[in-house]
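J.: Quick one: the structure is below, questions incoming.
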Amino acid sequence: MIKIFIFILLYFRFGYADVHVKKIPKNFIFGLGTSSYQIEGAWNTNGKGPSIWDEFVHRVPSPIKNNDTGDIACDSYYRYKEDVLNVYNAGFQFYRFSISWPRILPTGYTNNINEEGIIYYKKLIQEILRYNMTAVVTIYHWELPQQLYKDGVDWTNPKFVDIFVDYTRFIVSRYFKSILTLACENGFA
Ligand SMILES: *[C@@H]1O[C@H](CO)[C@@H](O)[C@H](O)[C@H]1NC(C)=O
Ligand SMILES: *[C@@H]1O[C@H](CO)[C@@H](O)[C@H](O)[C@H]1NC(C)=O
């Protein structure tokens, strides 16, 4: 079993009428969430660019106890099939993962695309749908591409808005169609 930083997400699909009932309503959906930096590893593999976390943990002297890094973490980049199977076997109905921005756009900008990174998340989504679970995607979990930070365009700069919109549009354009296609193949449509 891979060690995963887990938290459980619960939400109501419809309304709040049963909120005083002391058992879990049938329309509750249980899911499990992870974040890319904490589980993927493969920090510089197959064209991934560095994030601010990669830069931070690699400083000498290290700011982290025992010089720990997320360079390998839970190795989920290679072991995602096993992880998705574990989520399924635990009885969850959705899996929420996050996309590492610099894995798909190494510098953060849409003029530098890493197809290998895009393929990784396609395969992950396909695996989730194969078990009839819902794929829930977080597009930012604290992995700002280091290049954007160097260029001074981070969350404190109003110019960041356009960059984030470009990134978001890019994700939707590259994944939405394939997610819909996969969902149809898996009988969700
Ligand atoms: C952390 O790295 C520094 C510098 O490379 C080294 O001197 C130190 O022994 C390392 N500490 C541990 C706990 O590995
Ligand atoms: C997913 O749903 C399809 C269609 O209902 C079903 O044939 C298949 O066995 C399900 N797969 C799993 C892993 O539950």
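What the sequence shown shows, in mature numbering (1 follows the signal peptide of the UniProt record, and there is no 0), is residues -17 to -1, 1 to 172, in sequence order. Quick reminder that beta carbons are idealized off the backbone N, C-alpha and C, glycines included.
Suppose you measure from the CA of residue 80 to the CA of residue 74; what does that come to, to the nearest Å?
T.: Approximately 17 Å, taken between the alpha carbons.
J.: Quick one: grab the DSSP three-state call for residue 156.
T.: Looking at residue 156 - three-state DSSP - the assignment turns out to be helix.
J.: With hydrogens ignored, establish whether the beta-carbon of residue 115 is closer than 8 Å to any heavy atom of ligand 2.
T.: yes
J.: Determine contact between the region 54 to 74 and the region 99 to 114, defined as no fewer than three beta-carbon pairs at a distance below 8 Å.
T.: yes
J.: Can you tell me which residues fall inside 5 Å of ligand 1, judged by beta-carbon distance to its nearest heavy atom, and keep chain order?
T.: Taken from the N-terminal end onward, the list reads 49 and 50.
J.: Around the C-beta of residue 121, are 16 or more other C-beta atoms found within 10 angstroms, so that it is buried, or is it exposed?
T.: exposed
J.: Starting from the Cα of residue 28, find the closest Cα among 86, 57 and 53 and give me that residue.
T.: 86
J.: Figure out for me which residue from 139, 88 and 71 has the closest Cα to the Cα of residue 16.
T.: 71
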